[in-house]
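S.K.: According to the working numbering, numbering within the sequence shown proceeds without interruption in unit steps and concludes at 1446.
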Amino acid sequence: MKTIRILTVIIIAGLGAVALPAMAGSDCSSKQAEAQAATSPSIVEIAQSGGFDTLVTALKAAGLVDALNAEGPMTVFAPTDAAFAKLPEGTVDALLKDPKALKQILLYHVVSGKVEAKDVVKLKSAKTLEGQTVSIDTSKGVMVNNANVVKADIEASNGVIHVIDTVLIPTSM
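(1) According to DSSP, what are the bridge partners of Pro1352?
(2) Which parts of the segment 1405-1437 are runs of the beta strand (DSSP E), unbroken and 3 residues or longer, counting only runs that do not cross its ends?
(3) Are the segment 1413-1423 and the segment 1366-1377 touching, with three or more C-beta to C-beta distances below 8 Å?
(4) Starting from Val1384, follow the beta strand (DSSP E) in both directions and report where the run begins and ends.
(5) Are the segment 1345-1352 and the segment 1431-1441 touching, with three or more C-beta to C-beta distances below 8 Å?
(6) Quick one: give me the first and last residue of the alpha helix (DSSP H) that Ala1390 is part of.
(7) Just tell me which of Ser1315, Asp1410, Thr1444 and Leu1328 has its CA closest to the CA of Ala1390.
(8) Near Ala1286, what residues of its chain come up, given a Cβ to Cβ distance below 7 Å and the 5 sequence neighbours on each side ignored?
(9) Identify which residue in Pro1443, Met1446 and Ala1429 has its Cα closest to the Cα of Val1317.
(10) Does the distance from the CB of Thr1348 to the CB of Val1433 come in under 7 Å?
(11) Confirm, please, whether the CB-CB distance from Leu1402 to Leu1380 is below 7 Å.
(12) Where do the N-terminal and C-terminal ends of the alpha helix (DSSP H) with Lys1400 fall, by residue?
(13) For Ala1420, which residues of its own chain have a beta-carbon under 8 Å away from its beta-carbon, when the five flanking residues on both sides are left out?
(14) In whole angstroms, what is the alpha-carbon distance linking Ser1408 and Val1422?
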């Protein structure tokens, strides 16, 4: 009987925690969203947390860590380590020794502004910070050029990350 009372108290407390913010109105929800964004990790901090070791190494070699830690907002199409591994052997090492080319490739993965999945499906292309555009195809999932978006809308304090399975190479290279 004591266990049932404890569970009842926990359930009621949980329901109150869910109901109170909803009853507080949109102003409260807006303030909560702002507070959450302010405490969210940055794009670089998310990349450093795992699965993007090659990307982080490349950002450091190209001198772009501070730029992707900036206020934003920005959208990053972030290739996984597996995406970098699909490049021809020796390509990553060669790029790490060529910061100018590496910077060009990495900026080709960044779009100014926060472009969430709900926005991406309305686009046919997007201009990157590198200066060229990437094509967007939503007919079979979401593709950016020849890369599949495998995870969308990873929220960061300074924008959003969409994980892709292929490194994007600017057409000028």
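For each residue, glycine too, the CB sits at the ideal point set by N, CA and C.
Please read these numbers as outputs of a predicted model, since none were measured by experiment.
M.R.: Reading it off the structure:
(1) If you number the sequence shown from 1, residue 1352 lands on position 79. Looking at the DSSP assignment, Pro1352 forms a beta bridge with Ile1437.
(2) 1406-1410, 1420-1429 and 1432-1437
(3) no
(4) By one-based count along the sequence shown, residue 1384 stands at place 111. Start and end: Val1383 to Ser1385.
(5) yes
(6) Taking the sequence shown and counting its residues from 1, the one referred to as residue 1390 is at position 117. Counting along the chain, the alpha helix (DSSP H) containing Ala1390 begins and ends at Ala1390 to Val1393.
(7) By one-based count along the sequence shown, residue 1390 stands at place 117. Per the Cα distances, Asp1410.
(8) Stepping through the sequence shown from its first residue, residue 1286 is reached at position 13. Only weak support exists for where Ala1286 lies, its pLDDT of 31 falling under 50; the value from the coordinates is given anyway. Same-chain partners within the cutoff: there are none.
(9) Stepping through the sequence shown from its first residue, residue 1317 is reached at position 44. Out of Pro1443, Met1446 and Ala1429, Ala1429 has the C-alpha closest to the C-alpha of Val1317.
(10) Here the question's residue 1348 lines up with position 75 in the sequence shown. Here the question's residue 1433 lines up with position 160 in the sequence shown. For Thr1348 and Val1433, yes; Cβs fall inside 7 Å.
(11) Stepping through the sequence shown from its first residue, residue 1380 is reached at position 107. Stepping through the sequence shown from its first residue, residue 1402 is reached at position 129. In this structure, Leu1402 lies closer than 7 Å to Leu1380 by Cβ.
(12) Against the sequence shown, residue 1400 aligns to sequence position 127. Element bounds for Lys1400: not the alpha helix (DSSP H) but the beta strand (DSSP E), Ser1398 to Lys1400.
(13) Stepping through the sequence shown from its first residue, residue 1420 is reached at position 147. These residues qualify, in order along the chain: Phe1350, Pro1352, Ala1356, Ile1437, Asp1438, Thr1439, Val1440 and Leu1441.
(14) Working through the sequence shown from its first residue, we reach residue 1408 at position 135. Working through the sequence shown from its first residue, we reach residue 1422 at position 149. Looking at the two C-alpha atoms, the distance is approximately 13 Å.
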